[in-house]
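Reviewing the structure listed below.
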Amino acid sequence: VMPQPLKGAKFHADASYLLAGGLGGIGRSLSTWMVANGARNLIFVSRSGVSNDAARELVSTLMGKGVRVEVLQCDIADEVRLFDSLNAVLKSMPPIRGVIQGAMVLRDQIFANMPYETFVSALRPKVQGSWSLHQATLDQPLDFFVLLSSASSFLGNAGQANYVAACTYQVALAAHRLGLGLPATAIDIGKVASVGVVAESADSTIEANLVRIGLKDIQEAELHAIIELAMLPNAVGVTNGHLITGAHTSLDPGADVADLPFWSRDPVFSHLDALRPHLARAADGSSPSAGRASLKSLLGAAPSKSAAVATVLEALLAKLARALAMPVAEIDASRSTAAGGERCGGV
């Protein structure tokens, strides 16, 4: 049987498309791409509204192209206000055919020290907010309902218990919608290189933490292709409404096993690790481990017992730093892991 090729995303000029949190970097990129592919009616839902130059420029540019743009300054976690705002704007706009939920709050902190308010602040936009969007659009003829989750929800990330919990809920909501016969895809977005929070934040630790857990860059065009796949009703391989992106470090054929991210040892990813010997034949020496001596060879070359101890300590600190998503310089080698409240098992 000859499979039918996937048709590219084409948006209806006589339909509305809703983007929650859509005035951020990724939302601006997606809305521009959607307009280039036929969308002519966009509804942005944002707590802050058009409050910065980038958002104002986007709205002005889209309207200059003949696009009708409505910006609802509304907290999507407030279900009543969201219902009222959408009902008001849909009196003069076409029905909604697609939803992209990109609202988020990052409040990173080690879980043991995290106040309740910090925990729930990350939950609101993705838990209550996603549910509100689900409820508010049940009567709309949706072609797609895309939830922008995070790869950290599947892989884990130090200091992000609140955000991981919120993103994991979105995966469950996608499954719930599919069970109801409604369209839904939750995408675990990895490290987007050129747009969005990682690319635009002045806080370099956000990107550093994603690098430490083994995520590779996703380019803007790749992001569009991923979103497009999630929108297509006949997408190959998308059966459970869950896409994971960017987590392919374990395919690095030149990496030492000790340098692979912690999640590569999870049986879920065993099929990726099984490919490493085959890829090694084509390796060109450009892996992160290329040119770096293994711990075994360094120990063999150590001139004294004290030098060997120093080598082991350096390697252990580097591994702890990767596991804890923190700089090596911030780890006190004189303290036990128990004193820091961390379990040493699995490190």
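Numbering (our numbering), first residue to last: 76 to 422.
The beta carbon of each residue, even a glycine, is placed where N, CA and C say it ideally should be.
Here the C-alpha atom of residue 229 lies approximately 43 angstroms from the C-alpha atom of residue 378.
For residue 148, the beta-bridge partners assigned by DSSP are 121. Shortest Cα-Cα distance from residue 183 to any of 232, 218, 88 involves 232. Closest option to residue 131, judged by alpha-carbon separation, among 98, 117, 407, 186: 98.
Considering only 238, 95, 395, 381, the residue with the shortest C-alpha distance to residue 152 is 95.
For residue 155, the closest alpha carbon among the candidates 209, 166, 89, 117 is that of 209. Closest by C-alpha distance to residue 222, out of 178, 150, 387, is 178. Under the DSSP assignment, residue 159 falls in the alpha helix (DSSP H) whose first and last residues are 154 to 164. As the crow flies, the alpha-carbon of residue 105 is around 7 angstroms from that of residue 299.
Runs of the beta strand (DSSP E) spanning 3 or more residues and lying entirely within the segment 206 to 258 occur at 219 to 225, in chain order.
Pairing residue 225 with residue 265, the inter-Cα distance amounts to about 6 angstroms. Cβ atoms of residue 168 and residue 121 stay farther apart than 8 angstroms, at about 17 angstroms.
For residue 317, the enclosing beta strand (DSSP E) covers residues 317 to 319. Less than 8 angstroms separates the beta-carbon of residue 207 from that of residue 157. Contact between residue 117 and residue 137 holds, since their C-beta atoms are separated by about 7 angstroms, short of 8 angstroms. Looking from the CA of residue 235, the closest CA among 215, 249, 196 belongs to 196.
By the 16-neighbour rule on beta-carbons within 10 angstroms, residue 227 is buried. Residue 291 is a Cβ neighbour of residue 321, given a cutoff of 8 angstroms. For residue 131, the enclosing alpha helix (DSSP H) starts and ends at 128 to 139.
Within the same chain, 316 come within 6 angstroms of residue 250 by CB-CB distance, once the 5 residues on both sides are set aside. Looking at the DSSP output, residue 116 sits in a beta bridge with 143. Residues 94, 96, 177 of the same chain have their beta carbon placed closer than 7 angstroms to that of residue 102, with the five preceding and five following residues left out of the count.
A check of alpha carbon separations from residue 214 across 171, 202, 188, 252 identifies 171 as the nearest. The three-state secondary structure of residue 203, taken from DSSP, is helix. For residue 91, the enclosing beta strand (DSSP E) has its first and last residue at 91 to 95. A direct Cα-to-Cα measurement between residue 386 and residue 410 gives close to 18 angstroms. For residue 174, the enclosing beta strand (DSSP E) starts and ends at 171 to 176. DSSP, reduced to helix, strand and coil, places residue 266 within a strand of the structure shown. Distance from the CA of residue 107 to the CA of residue 403, rounded to the nearest whole angstrom, comes to 41 angstroms. In the DSSP assignment, residue 300 falls within the unbroken alpha helix (DSSP H) covering 295 to 306. Residue burial annotation: residue 388 is exposed, with fewer than 16 other C-beta atoms found within 10 angstroms of its C-beta.
For residue 110, the closest alpha carbon among the candidates 100, 126, 139 is that of 139. Contact annotation: residue 239 and residue 261 have beta-carbon atoms that are not nearer than 8 angstroms.
A residue is called buried once 16 or more other Cβ atoms fall within 10 Å of its Cβ, and residue 192, having fewer, is exposed.
Under the criterion of beta carbons closer than 8 angstroms, residue 319 and residue 263 qualify as touching, at roughly 5 angstroms.
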